[in-house]
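Numbering (the numbering used here), first residue to last: 4 to 76.
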């Protein structure tokens, strides 16, 4: 849900940012806790294309989450 909101608030199909934070990625059980990235073995086992998943970034990352304005994306 968080990645959908961020994507829409930052422009959606017109260049929106597809990203999630470490906490939400970890809840999927598809994130490798050592690398803090999607686990390639699990993705392959479950046949989940990596391209379908958002990038994982710390919620405090200064630029990774894009920008919004009062008027919208």
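The C-beta atom is built at its ideal place from N, Cα and C for all residues, glycine as well.
Residue environment, residue i, which counts as buried when at least 16 other CB atoms sit within 10 Å
i: residue 34; result: buried
i: residue 28; result: buried
i: residue 62; result: exposed
i: residue 24; result: buried
Residue range of the unbroken alpha helix (DSSP H) whose run includes residue i
i: residue 17; result: Neither: residue 17 is in no alpha helix (DSSP H) and is coded neither H nor E.
Any non-hydrogen atom of the ligand COA closer than 7 Å to residue i Cβ
i: residue 7; result: Here there are no bound small molecules, and the ligand COA is not part of this structure.
4-residue-minimum alpha helix (DSSP H) runs that sit fully inside the stretch 19-69, ordered along the chain: 25-30 and 43-48
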